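In short: position in the sequence shown from 1, add 67, done, that's the numbering used here. Single-structure report; data block below.
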Amino acid sequence: MRLTILGGGGFRVPLVYGALLGDRAEGRVTRVVLHDLDAGRLSAVARVLAEQAAGDPDAPEVTVTTDLDEALRGADFVFSAIRVGGLEGRAADERVALAQGVLGQETVGAGGIAYGLRTVPVAVDIARRVARLAPDAWVINFTNPAGLVTEAMSRHLGDRVIGICDSPVGLGRRIARVLGAHPGEAWIDYVGLNHLGWVRGLRVAGRDELPRLLADPDLLGSFEEGRLFGPQWLQSLGAVPNEYLHYYYFNRETVRAYQRAEKTRGAFLRDQQAGFYEEMRRPDAAALTAWDRTRAEREATYMAENRDAAGAGEREDDDLSGGYEKVALALMRAIARDERTTLILNVRNRGTLSVLDAEAVIEVPCLVDANGAHPVTVDPLPGHATGLVCAVKAVEREVLSAAESGSRTTAVKAFALHPLVDSVNVAHALLDGYTAVHPGLAYLT
Ligand code: G6P
Ligand code: MN
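Printed below as a string of C-alpha cells:
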C-alpha cells in the first residue's frame with residue numbers, strides 16, 4: 068500500500084513514520100512518498116526517517132519529490148499536512164491580530180480566518196488533482212484549520228476526505244484516566260466543530276461516568292482541561308470543553324497573555340524549527356536525536372500562554388506524546404482492512420446536528436470501515452454551544468465563499484461575524500493588515 072504525505076518536509080512526519088514502523092500487519096503501508104515544495108526540508112526529514120528505519124528490513128520504503136502530480140499518482144492514501152505561508156505566516160497571523168487587540172491563534176478567531184483564507188485555494192487545488200489523478204485514494208486532512216479545510220476539500224472529494232485532530236482523543240483519554248477507566252473501553256460522547264467541541268458524557272459498560280467527575284472538584288482539578296477552565300466552570304457547563312474553547316471562555320485573558328509573551332507560539336516555532344532544519348544541513352548531525360529534542364521542547368511548551376493565564380502549571384508527562392499519528396494510522400487501517408472501529412473525526416454532518424446542513428463538516432464520533440467514516444447519532448448540543456457552532460460555521464462559510472469569489476467584502480464579513488472579533492472596523496483593519504503581509508492573499512480584490 069502506498070501513502071503520499073503532502074507537506075512531507077514537515078516536522079511531524081517522523082511521528083507518522085514511527086507509527087508505520089510499528090505496524091506489522093498484512094496490508095500495511097510499504098511505500099511512503101513525501102511531497103514538499105522545499106527540497107531542503109524534504110532531505111532533512113528523509114534523514115530522520117532513515118535513522119528511524121535503521122536496522123529494520125521491513126521498514127516502508129521512502130521516496131521524496133517536489134512534483135505534486137507525481138506524488139499523487141498511484142497513491143492509496145494521501146495525508147495532507149501542509150502549511151501555506153510557513154511558520155512565518157503563522158507568526159504574522161498572530162502579530163496582525165494582536166495589534167488589533169484580538170486573538171491570532173492559527174485555528175481560532177482572526178488568525179484562523181487569515182490562515183483559512185490563504186490555505187483553502189491551495190487545498191482545493193490539491194483536492195481537484197486528487198480527484199483527477201488518484202480518484203480512488205482516501206485523503207486524510209491534518210492541515211489546519213482542519214474542519215474548514217476538510218469542508219473545502221469535501222466539495223471536490225465528497226466523503227473520501229476525512230479530517231483528523233488529536234485534541235478530542237487526548238481529552239477523552241485524560242477524562243478516562245482520571246475516572247480510572249480504560250480509554251479503549253470508554254464511549255466518549257463528544258460533538259462540535261474542530262477545536263470547538265464538548266464532551267458531554269463518558270460511558271463505560273453503558274453507564275455515564277462523567278457526572279462522577281463533575282461532582283468532584285479534586286478530580287476536576289487533576290487534569291489539563293480541569294486546570295485550564297477551573298472546576299466551577301466545568302460544573303456550570305455540565306460538560307468538558309475542548310482545550311481550544313479556552314480562547315472563547317477566557318478570551319481577554321488569553322489575548323493579554325499572548326500580547327505579553329516574549330514570542331507568540333508561531334514566532335517561537337518559526338525560530339525553533341529554523342534551528343532544526345539548519346542543523347540538518349550539517350552532514351554530521353545526529354538527525355533523530357536533534358528531531359527528538361526539538362519535538363520534546365515543542366510538546367512541553369504547547370499552549371503555554373493559556374496555562375499561564377489559568378495558572379494551570381506544566382503539562383503532564385502522559386500528555387506530551389500527542390497522538391495524532393495514532394488516529395491517522397487507526398483510520399487508515401480501518402479503511403484499508405475493513406477493521407471496524409470508532410474514532411472522533413471531521414466528516415460531513417449528514418443529519419447529525421440538525422441545526423447544520425448536510426454538507427457542513429463537523430467533529431463527531433464515527434464508525435469507520437472499508438466504506439469510510441459514518442457519523443453516529445448524537446444528542447443535540449445545548450443552546451449556548453449550538454449558538455457558537457452555528458456562528459463559527461457561518462464564518463467558515465464566508466471564508467469558503469471569499470476563497471471562491473476572491474471578494475474582499477466577503478472576507479471582511481468573515482472576520483466581522485466571528486464571535487471573537489468585536490467590531491466591523493476591526494474586521495476591515497484585520498483584512499488590510501493581513502493582505503499587506505501575506506502574498507497568498509493577493510487573490511482578494
Ligand atoms: C494540537 C492541535 C493541532 C495542532 C497541534 C500542534 O494537537 O490539535 O491542531 O497542530 O496541537 O500545535 P503547535 O502549537 O505545537 O503547532
Ligand atoms: Mn487539531
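All C-beta atoms, glycine included, are put in the ideal place defined by N, C-alpha and C. Just so we're clear, the structure is a prediction, and the values are computed from it rather than from any experiment.
inquiry  = According to DSSP, simplified to helix, strand and coil, what is R407?
reply    = Indexing the sequence shown from 1 puts residue 407 at position 340. The answer is coil: DSSP assigns R407 none of H, G, I, E or B.
task = Indicate, with yes or no, if the ligand G6P has a heavy atom lying under 8 Å from the CB of T174.
result = As a first step, residue 174 must be located in the sequence shown, where it is residue number 107. Inclusion of T174 in the 8 Å shell around the ligand G6P follows from its C-beta lying nearer than that to a non-hydrogen atom of the ligand.
request  = Check each candidate in A353, Y325, G342, G264 and name the one with the smallest Cα separation from L455.
outcome  = Counting from 1 along the sequence shown, the entry for residue 455 is found at position 388. Minimum Cα distance to L455 is reached at G264.
message = Are there any heavy atoms of the ligand MN lying less than 8 Å away from the beta-carbon of A395, as far as the coordinates show?
response = Here residue 395 refers to the residue found at position 328 of the sequence shown. Checking the Cβ of A395 against the ligand MN gives no.
key: Top-ranked residue by Cα proximity to H540, from K460, G500, A496   = No answer is possible for residue 540: it lies beyond the span of the chain, which begins at 68 and ends at 512.
task = Express the C-alpha separation of V414 and G342 in angstroms, rounding to a whole number.
result = Working through the sequence shown from its first residue, we reach residue 342 at position 275. Working through the sequence shown from its first residue, we reach residue 414 at position 347. Approximately 36 Å between the Cα atoms of the pair.
task = Hey, could you find the ends of the beta strand (DSSP E) S147 is sitting in?
result = In the sequence shown, counting from the first residue as 1, residue 147 sits at position 80. From DSSP, the beta strand (DSSP E) with S147 extends over 144-147.
task = Give every residue of the same chain whose Cβ lies closer than 6 Å to the Cβ of V163, excluding the five residues on either side of it in the sequence, and list them in chain order.
result = As a working mapping, residue 163 is identified with position 96 in the sequence shown. Result list for V163: G500, Y501, in chain order.
key: Inter-residue spacing [alpha-carbon to alpha-carbon] between N208 and A219   = Your numbering for residue 208 matches position 141 in the sequence shown. Your numbering for residue 219 matches position 152 in the sequence shown. If I take the Cα positions, the gap works out to 11 Å.
ask   = Cβ of R240 versus every heavy atom of the ligand G6P: is any distance shorter than 8 Å?
value = Position 173 of the sequence shown, counted from the start, is the residue given in the question as residue 240. No.
task = With I242 as the anchor, note down where its beta strand (DSSP E) starts and where it stops.
result = The residue given as residue 242 occupies position 175 in the sequence shown. Looking at the DSSP string, I242 is not in any beta strand (DSSP E); the run it does join, the alpha helix (DSSP H), is 234-245.
ask   = By Cβ distance below 8 Å, which residues in the same chain neighbour F290 in space, the five residues on each side in sequence not counted?
value = Your numbering for residue 290 matches position 223 in the sequence shown. Excluding the 5 residues flanking it on each side, F290 has same chain C-beta neighbours closer than 8 Å at R241, I242, R244, V245, E383, in chain order.
inquiry  = Using a Cβ-based criterion (distance less than 8 Å to any ligand heavy atom), does S234 qualify as near the ligand G6P?
reply    = To locate residue 234, count along the sequence shown from 1; it is residue 167. S234 Cβ: within cutoff of the ligand G6P.
Rounded Cβ spacing between G230 and G214 (contact assumed at less than 8 Å) = The sequence position of residue 230 within the sequence shown is 163, counting from 1. The sequence position of residue 214 within the sequence shown is 147, counting from 1. Indeed they touch by this definition, with Cβ atoms about 6 Å apart.
inquiry  = I'd like the list of long-range same chain contacts for A328, defined as Cβ closer than 6 Å, with 5 residues on each side in sequence excluded.
reply    = Mapped onto the sequence shown, residue 328 falls at position 261. Counting only Cβ-Cβ distances below 6 Å, and skipping sequence neighbours, we find E372.
ask   = So, is P350 buried or exposed, given that buried needs 16 or more other C-beta atoms within 10 angstroms?
value = Taking the sequence shown and counting its residues from 1, one reaches residue 350 at position 283. Classification for P350: exposed.
query = Helix, strand or coil: which one does DSSP assign to I402?
reply = Position 335 of the sequence shown holds residue 402. Correct three-state label for I402: helix.
query = Counting Cβ pairs, one atom from each stretch, are 3 or more of them under 8 Å apart for the stretch 169-180 and the stretch 319-333?
reply = With contact defined as three or more Cβ pairs closer than 8 Å, the stretch 169-180 and the stretch 319-333 are in contact.
message = If distances are taken between C-alpha atoms only, which option among M68, R150, R95 comes closest to G76?
response = The residue given as residue 76 occupies position 9 in the sequence shown. Of the candidates M68, R150, R95, the one whose C-alpha sits nearest the C-alpha of G76 is R150.
query = Unbroken alpha helix (DSSP H) runs of length 4 or more, entirely within the stretch 348-386: which are they?
reply = 354-367, 371-377
inquiry  = Along the chain, where does the beta strand (DSSP E) containing G439 start, and where does it finish?
reply    = Position 372 of the sequence shown holds residue 439. Taken as a continuous stretch (DSSP letters only), the beta strand (DSSP E) holding G439 covers 439-442.
task = Starting from G230, trace the alpha helix (DSSP H) both ways and give me its first and last residue.
result = By one-based count along the sequence shown, residue 230 stands at place 163. That residue, G230, is in no alpha helix (DSSP H); its beta strand (DSSP E) goes 228-230.
query = N211: beta carbon under 8 Å from a heavy atom of the ligand G6P?
reply = Residue mapping note: residue 211 aligns to position 144 of the sequence shown, counting from 1. At least one heavy atom of the ligand G6P is nearer than 8 Å to the Cβ of N211, so yes.
inquiry  = Assuming the contact rule is C-beta atoms closer than 8 Å, P127 and V99 should be a hit. Round their C-beta distance to whole Å, please.
reply    = Translated into the one-based positions of the sequence shown, residue 127 becomes position 60. Translated into the one-based positions of the sequence shown, residue 99 becomes position 32. Indeed, because the Cβ distance is near 5 Å, the residues count as touching under 8 Å.
key: Near the ligand MN: H495 beta-carbon under 8 Å from a heavy atom   = As a first step, residue 495 must be located in the sequence shown, where it is residue number 428. No, Cβ of H495 sits at least 8 Å from all heavy atoms of the ligand MN.
message = Between which two residues does the beta strand (DSSP E) holding H223 run?
response = Position 156 of the sequence shown, counting from 1, holds the residue named residue 223. Per DSSP, H223 belongs to no beta strand (DSSP E); it is in the alpha helix (DSSP H), 213-224.
message = Within the continuous beta strand (DSSP E) that includes E128, where are the two ends?
response = To locate residue 128, count along the sequence shown from 1; it is residue 61. Its beta strand (DSSP E) spans residues 128-132.
task = Given a cut-off of 9 Å, decide if V175 and H262 are closer than it, judged by their beta-carbon atoms.
result = To locate residue 262, count along the sequence shown from 1; it is residue 195. To locate residue 175, count along the sequence shown from 1; it is residue 108. Yes; because the gap between Cβ atoms is below 9 Å, this pair is in contact.
key: Cα-Cα separation, A397 to D160   = Locating residue 397 in the sequence shown gives position 330, where the first residue counts as 1. Locating residue 160 in the sequence shown gives position 93, where the first residue counts as 1. Approximately 33 Å between the Cα atoms of the pair.
request  = Give the straight-line distance between the Cα atoms of A272 and E137, rounded to the nearest whole angstrom.
outcome  = Position 205 of the sequence shown holds residue 272. Position 70 of the sequence shown holds residue 137. If I take the Cα positions, the gap works out to 48 Å.
query = Within 8 Å: the Cβ of L260 and any heavy atom of the ligand G6P?
reply = For the purposes of this step, residue 260 is taken as residue 193 along the sequence shown, with counting starting at 1. No; taking the cut-off as 8 Å, the Cβ of L260 has no heavy atom of the ligand G6P nearer than that.
Closest Cα partner of V394 within the set F317, E426, M68, L82 = On the sequence shown, residue 394 is found 327 positions in, with the first residue counted as 1. The shortest C-alpha separation from V394 is found at L82.
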